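So in our numbering, the last one in the sequence shown is 602, and the numbering has no gaps at all.
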Amino acid sequence: MADQATPLPSLPITCTVVDAKVDLGPGYAGTNTIVLRITNTTAQPITFSGPGTKGELTLSISTGNGPDNLATLEDSVKLKIEYPKLWQLNPLTTTQGQATWSFRLPKPAFQANEYQQLTLSKFESKVDPGQAKITISAKISGYAEYKQTLSVEKKAEQFSILYFTADPPYLITDADKKHFRLRWNTVKAQRAALYGFNRAKLEEFHSGSAGCISGKPYVYDKERPWAPTTTYELEIIDGEKTERVALSVPVLSPGWHTVSFDYGYPAVLCNMNDQELYGIFVKEGKGRLYSSTYPYATWQLKHEHVPDGMLTSPAVYWQNALWLIGGGAADPKLRNNHVWSYDGRTGKWQQHDQAPWTPRMGHACVIFRDELWVFGGNDETGTSMNDVWKATWTENKLTWKQVGHADWTSRCMFAATACGGPRDRLWLYGGLTEPFSNPLDDMWSSEDGKTWVQYATTPRENNNPAGKPIAAALMVIKEKLTLFGSFRSGTTVKQKKFILQEGQNVWKSDEVPTGWDDQGGNTFSLAAVQYKGLIFLRSLDYRTRRKNDDVVPSLYLHVP
């Protein structure tokens, strides 16, 4: 019988709340404070040594509007945290319902009988009353992992509206409105009234003995005229005291919309299994990873850093993680065969072994039959390729296999996608024989990645060529192959949306009146992702830059 491993000793520390003042509602950021103390309970230093050893401590809070949450995610990222001078703070990470700060501890981590303190301040708590949960965990080599959950009381004393929110934070004109909810909570109100369009009273509520009115999810179920923005108003009354809060909910009609924010330009978009949309945004040359449940409205910072050389790399959701594969989508200076993944559950990037294929840029990366596929691109000598590779995930590592060389012309910066179901195959369209060269206008498909068949027709209007495709994106929408593209004819560039009528071998076309940026008519990279029925696009050309290194175009939204 094999010897059983000796259990690691417990980490001799305790965590306590030594001071806490958390008032609910707006306007308390200057006084809300939580002080946590971590104490070494022994007369010996707590240290670690040797290669591969480490000391790490993390602090996590739950985010959202619930009673266990300290603050909303938006308010949590504004929170100020003070910590010991010798501790190194890593970038804040956020996941669904949680914000986490992690620290690298010095050697020794704690002196004998020493305590260290963490102070949380400068935050508002616009959430439900209750006991907020704060979790402290520590991993120090040579000791068992330590974990403790502390509670901090949140008090609601002032007559106020704690929050008034919409879920989702926008309405879509043709969508099923039964999923739209209004939520709120109030303090010391005798009654409350909810008003809608043209201040029509929708519902009235009366408080119980606690003097607190919690708004049940209000279902939008009344037809009324639509406006570009619909305004709701919540009014609370306590004797002669009255407070009102208005909530504007943008209304998205079918068509094209610009998503405006100041995070920088969108370089990478990835649908994370319809749970979140991830985006890498670049501002002043620095890339950051963001996520959003409702991308038209708000984004949250996931990670302060993006691995070097991967700012514009093709991205896919696979194995419950975000994967960045190879060099850039449009920048010839970013050629590599690096592979990185980001796990939102841990908030960490992981570098994998370099892929066996040639370093490249402008290649395609898709998930097909639960395998990771890479094909085409332009190598470090400026030569384009038509090789096809796939990878499987076994025993916690990537295993690559070359499928072969395709029959299509070697190319880069092309559109590609994978279909499932009865049309289970890979698709490819357009691209360039080399960066900045004349565009290709052909379409290919394959059921196995080895044998490729050229499709009989390419996007046309009234049997006439649409023009030279200077950029294109392929995707499947409602089981139909859909192509978005910018087509140049002479000095004119038109944006088009084509839907393949596969049984008839014809394309149905629609002109896009105000879509993405055409990058001055240069060839560029266009990428599209579908998220919860909405289509998000970004256009990218590394040559079109401002002095602050921001690319001109923003993020674009298409409501089918």
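We put the beta carbon where it would ideally sit given N, CA and C, even for glycine.
Every value quoted in this text rests on a predicted model; they were computed, and no experiment measured them.
Environment of residue i [buried if 16+ CB atoms lie within 10 Å]
i, result
"T73", "exposed"
"D350", "exposed"
"V60", "exposed"
"N240", "exposed"
"A605", "Because residue 605 is not part of the residues shown, which for the chain are 43 to 602, the question remains open."
"Q47", "For clarity, residue 47 is Ala in the given sequence; the question names Gln instead. The residue is exposed, with fewer than 16 neighbouring Cβ atoms inside 10 Å."
"S295", "exposed"
"A242", "exposed"
"R580", "buried"
"V169", "buried"
"E277", "buried"
"Q508", "First, the amino acid is wrong: residue 508 is Ala here, not Gln. Answer is buried; the Cβ neighbour count reaches 16."
"R411", "exposed"
"P50", "Looking at the sequence provided, one finds Leu at residue 50 rather than Pro. L50 comes out exposed."
"V495", "exposed"
"G42", "Given that the chain is displayed from residue 43 to residue 602, the structure contains no residue 42 and the question cannot be resolved."
Nearest-angstrom beta carbon gap, residue j and residue i [assumed within contact, 8 Å]
i, j, result
"N315", "Y205", "About 28 Å separates the two Cβ atoms, so there is no contact after all."
"Y14", "Y212", "Summary: the structure shown does not reach residue 14, with the chain confined to residues 43 through 602, and so no result is reported for it."
"L516", "Y471", "6 Å"
"K196", "S163", "Going by Cβ atoms, the distance from K196 to S163 rounds to 15 Å, so no, they are not a contact pair."
"T340", "E124", "Wrong, their Cβ atoms sit about 27 Å apart, outside the cutoff."
"P133", "L66", "Not quite, the Cβ-Cβ distance comes to about 29 Å (not below 8 Å), so this is no contact."
"E98", "F145", "7 Å"
"S102", "Q140", "6 Å"
"K536", "P501", "Not confirmed; about 11 Å, so no contact."
"I178", "C57", "5 Å"
Beta-ladder partner(s) of residue i, from DSSP
i, result
"H299", "L599"
"D61", "V77"
"P507", "R502"
"K390", "D385"
"A309", "The partner list for A309 (beta bridge, DSSP) is empty, contrary to what the question assumes."
"E350", "As written in the sequence, residue 350 is Asp, which differs from the Glu given in the question. DSSP output for D350 lists no bridge partner at all."
"Q173", "E195"
"F323", "P308, R330"
"V416", "C407, W431"
"D552", "K539"
"V358", "W365"
"I88", "F152"
"G446", "V430"
Nearest-angstrom Cα separation, counted from residue j out to residue i
i, j, result
"E265", "D560", "In this prediction, E265 scores a pLDDT of 45, lower than 50, which makes its location untrustworthy; the coordinate-derived value is nonetheless stated afterwards. If you take the alpha carbons of E265 and D560, they lie about 39 Å apart."
"Q130", "A186", "22 Å"
"R286", "H248", "16 Å"
"N590", "A371", "Residue confidence for N590 is low, a pLDDT of 47 falling below 50, so the modelled location carries little weight and cannot support an answer."
"G575", "G418", "29 Å"
"I255", "E275", "With a pLDDT of 45 at I255, under the threshold of 50, the predicted position of this residue should be treated as unreliable, and no value is reported."
"R467", "I88", "57 Å"
"P210", "S302", "18 Å"
"F566", "T142", "38 Å"
"T534", "L331", "36 Å"
"A85", "L53", "13 Å"
"W442", "W415", "9 Å"
"A234", "D280", "9 Å"
"Q153", "K127", "14 Å"
"E437", "W360", "15 Å"
"K608", "Y573", "Residue 608 is absent from the structure shown; the chain starts at 43 and stops at 602."
"T161", "K120", "14 Å"
"M455", "G473", "5 Å"
"G570", "A406", "Looking at the sequence shown, residue 570 is not Gly but Ala. Approximately 13 Å, taken between the alpha carbons."
"D263", "L440", "The predicted model places D263 with a pLDDT of 43, which falls under 50 and marks its position as unreliable; any figure quoted below should be read in that light. Roughly 50 Å separates the two Cα atoms."
"G250", "V358", "Because the pLDDT at G250 is just 48, under 50, the model does not fix this residue reliably, and the point stays unresolved."
"T459", "T114", "37 Å"
"T354", "I519", "24 Å"
"W376", "R387", "Correcting the residue type first, residue 376 is Leu in the shown sequence and not Trp. Computed Cα separation, rounded: 29 Å."
Among the options, nearest to residue i - alpha-carbon criterion
i, options, result
"T135", "H345, T354, A363", "H345"
"N82", "Q158, Q130, F90, E116", "Q158"
"N564", "I577, F526, N480, W486", "N480"
"F90", "R223, A151, N227", "A151"
"A62", "T499, L376, A174", "A174"
"T207", "W226, L414, L192, V64", "W226"
"S183", "S193, K149, K164, V169", "K149"
"M352", "Y305, S531, R402", "R402"
"E422", "P477, K390, S333", "P477"
"S596", "P109, Y305, T75, P54", "Y305"
"L599", "D583, C454, V554", "V554"
"P292", "T273, V430, A71", "T273"
"L343", "A363, E326, S355, L319", "L319"
"S383", "L236, K375, A514, L366", "L366"
"L525", "K510, N155, W549, L147", "W549"
"I409", "G424, D490, D583, Y188", "D490"
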